[in-house]
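Take the sequence shown: its position 129, counting from 1, is numbered 149 in our numbering, and each next residue is one higher.
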Amino acid sequence: MALIKICPNCNQRNRAEVRECERCGTSLLMTETMDAPAIAPPKLSVNHQPLYVPLRVELVIGRTDRETGWAPDIDLSPFGASSTNGVSRRHVRLIWNGEWQIEDLNSANGTYLNHRRLTPGEPLPLSPGSVIQVGKLFIVYHG
Ligand SMILES: [Zn+2]
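Structural data, given as structure tokens:
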């Protein structure tokens, strides 16, 4: 069991050792630590290279905005993501709901799960071996 602190402001699940909510910055010093249902970061790869994935219950996949410096939780910029090859800044997200699910964020070019286009706002579960197409990039979910 992982120990977590749930933010009283935004319900983000934070690791027990953080002092401030990783999403909204609310102080967690007075928040109780609790056991979480086992959550592990999803194992993902692009072009056979593992992606770095932080431990969060919601993971936005996209690319860095060069003008503002904003970066998604999972940044595809190092893999050549750009508007030219169809990757939006906030393209798609993974949500932990006891299992990992995927939801398109109304991206310009859409997201395909195993060659089927996702409907924005309708999350679908991932299973090991799922292939996620984001623009011209292919992400494999390994579990
Ligand atoms: Zn928060």
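Glycine included, C-beta positions come from ideal geometry on N, C-alpha and C.
Fair warning: this is a prediction, and the values are worked out from it, not measured in the lab.
Item                                                                                                                                 : Value
Threshold first: 3 residues or longer. Then list the beta strand (DSSP E) segments lying entirely within the region 111-140, N to C. : 120-124 and 131-133
Comparing alpha-carbon positions, which option in Thr53, Ile94, Glu78 and Thr84 lies nearest Tyr72?                                  : Ile94
Would the region 78-85 count as touching the region 107-124 if we require 3 or more Cβ pairs under 8 Å?                              : yes
Using the three-state DSSP reduction, which class does Pro145 fall into: helix, strand or coil?                                      : strand
Residues near ligand 1, CB to any non-hydrogen atom under 6 Å, in chain order?                                                       : Cys27, Asn29, Cys30, Gln32, Cys41, Arg43, Cys44 and Thr46
Distance, Cα to Cα, Leu138 vs Tyr132?                                                                                                : 6 Å
Quick one: give me the first and last residue of the beta strand (DSSP E) that Gly106 is part of.                                    : Careful: Gly106 lies outside any beta strand (DSSP E) and carries neither H nor E.
I need the DSSP call for Pro62, collapsed to helix, strand or coil.                                                                  : coil
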